[in-house]
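Reading the sequence shown from the start, the letters are residues 4 to 249 in this note's numbering.
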Amino acid sequence: MNDFHRAEMADQELADAMDKLVIVKSAIYTSGERDPREPPPRQDTTGRLHLMGHDPRLPKMPDKPTLFDFFRLRFGPAAHMLQSARLALNNGCDEKVILACLLHDCSAAGFIRADHGYWAAQLIAPYVDEEVAFAVRYHQVLRFYPDESFGYKYPDSYVRLFGPEYKPEPYLDRAYEHCRNHRWYRTARLLTVNDLYSFDPNVHVELEEFTDIVGRNFRQPPEGLGFDDSSSAHMWRTINWPTRYL
Ligand SMILES: [Fe+2]
Ligand SMILES: [Fe+2]
4 MNDFHRAEMA
14 DQELADAMDK
24 LVIVKSAIYT
34 SGERDPREPP
44 PRQDTTGRLH
54 LMGHDPRLPK
64 MPDKPTLFDF
74 FRLRFGPAAH
84 MLQSARLALN
94 NGCDEKVILA
104 CLLHDCSAAG
114 FIRADHGYWA
124 AQLIAPYVDE
134 EVAFAVRYHQ
144 VLRFYPDESF
154 GYKYPDSYVR
164 LFGPEYKPEP
174 YLDRAYEHCR
184 NHRWYRTARL
194 LTVNDLYSFD
204 PNVHVELEEF
214 TDIVGRNFRQ
224 PPEGLGFDDS
234 SSAHMWRTIN
244 WPTRYL
């Protein structure tokens, strides 16, 4: 069997699996494209079961997925996080900052964009030092507020993305004040300093460069992320199986 036939068979298997299953999207995936108050579009469900596990359109995760499995199989292009982590490494930051850089946008990459710092902090909180989760949570906030003592300016990219008139919401002002007066402000600020917003498409960074730092600073559960009954296990399971009916 040649590659062409193998690809054809895989396509056929996927089509067969799809025929047998009803796969729906959560309201959060479609809200805005459609009015969430309206009933979801009707599907013909006769003779089909609702998906309650792996989505056949996605690469299958191992039974005990690690953080790196999520990077490889569920997060979008991670070059930005990897390059930020390498920058922090080259700048001589400590391992907490390097790890925070490696993880900081994992929610935007694989889960939910809105309030991505908060979601990412919640995802990683059971597995990292509290200070790392704090930095990840507040990087989203601090990005809007310059601090010249760290050489951090309001990003030009934000002017392009959001327009010159954009003002952060009041909850961000309050969160900024809280962070500014916190003992871990420096850690969160160092994350924003190393959070590259114009990354170089020609620089390639391998995940393996951070194997040791992750090994020392991320408490990978032996049962696999999502199956360890931690306070964020359900969130990792949702990333693994994003279209389960319940
Ligand atoms: Fe971010
Ligand atoms: Fe970032």
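Think of the CB as a built atom: it goes at the ideal place given N, C-alpha and C, for glycine as much as any other residue.
This one's a predicted model, so the numbers in the text were calculated from it and none came from an experiment.
Please classify residue i: does DSSP put it in a helix, a strand, or coil?
i	result
S34	strand
L52	strand
Y155	strand
D72	helix
V25	strand
T246	coil
P129	helix
A3	Only positions 4 to 249 of the chain appear in the structure, and residue 3 is not among them; the question remains open.
W1	Since the first residue of the chain shown is 4 and the last is 249, residue 1 is not available in this structure.
F7	helix
Y200	coil
I115	coil
V139	helix
P173	helix
W187	coil
G95	coil
G166	coil
Q15	helix
A206	Per the sequence shown, the amino acid found at residue 206 is Val instead of Ala. V206 falls in the coil class under three-state DSSP.
G227	coil
F221	coil
R45	coil
L61	coil
S234	coil
D66	coil
Shorter than 8 Å, the distance from the beta carbon of residue i to the closest heavy atom of ligand 1, or not?
i	result
A136	no
Q125	no
G120	yes
Q143	yes
R222	no
A111	yes
R163	no
R146	yes
Under the rule that 16 or more other beta-carbon atoms within 10 Å means buried, what is residue i, buried or exposed?
i	result
F165	exposed
C248	A small correction: the amino acid at residue 248 is Tyr; Cys does not occupy that position in the sequence shown. When all chains shown are included, Y248 counts as exposed.
I242	buried
A18	exposed
Y130	buried
R89	buried
P251	Beyond the ends of the chain as shown, which are 4 and 249, falls residue 251; an answer cannot be given.
Q15	exposed
M84	buried
I31	exposed
T190	buried
D22	exposed
S34	exposed
A10	exposed
A29	The sequence given here has Ser at residue 29, not Ala. Flag for S29 reads exposed.
H107	buried
N5	exposed
So if DSSP puts residue i in a beta bridge, which residue, or which two residues, is it bridged to?
i	result
D150	Y155
How about residue i: is its Cβ closer than 8 Å to a heavy atom in ligand 2?
i	result
S87	yes
D176	no
L199	yes
D108	yes
H2	Summary: the structure shown does not reach residue 2, with the chain confined to residues 4 through 249, and so no result is reported for it.
H57	no
H185	no
Between the region 127 to 144 and the region 166 to 180, do three or more beta carbon pairs fall short of 8 Å?
-> Put simply, the region 127 to 144 touches the region 166 to 180. At least three CB pairs are less than 8 Å apart.
Flag this pair as touching only if the region 189 to 206 and the region 40 to 55 have three or more C-beta atom pairs under 8 Å; answer yes or no.
-> Contact between the region 189 to 206 and the region 40 to 55 is absent, because fewer than three Cβ pairs lie under 8 Å.
Counting Cβ pairs closer than 8 Å, one from the region 111 to 131 and one from the region 151 to 165, do we hit at least three?
-> Here the region 111 to 131 does not lie against the region 151 to 165, with fewer than 3 beta-carbon pairs under 8 Å apart.
Just checking, does the region 85 to 102 make contact with the region 126 to 135 on the three C-beta pairs under 8 Å criterion?
-> Proximity of the region 85 to 102 to the region 126 to 135 meets the contact definition, three or more beta-carbon pairs being nearer than 8 Å.
Sufficient close CB pairs (3 or more, under 8 Å) joining the region 66 to 82 to the region 191 to 198 = No: fewer than three Cβ pairs fall under 8 Å.
Would you say the region 148 to 160 touches the region 225 to 236, given that touching needs at least three Cβ pairs under 8 Å?
-> No, the region 148 to 160 is not in contact with the region 225 to 236.
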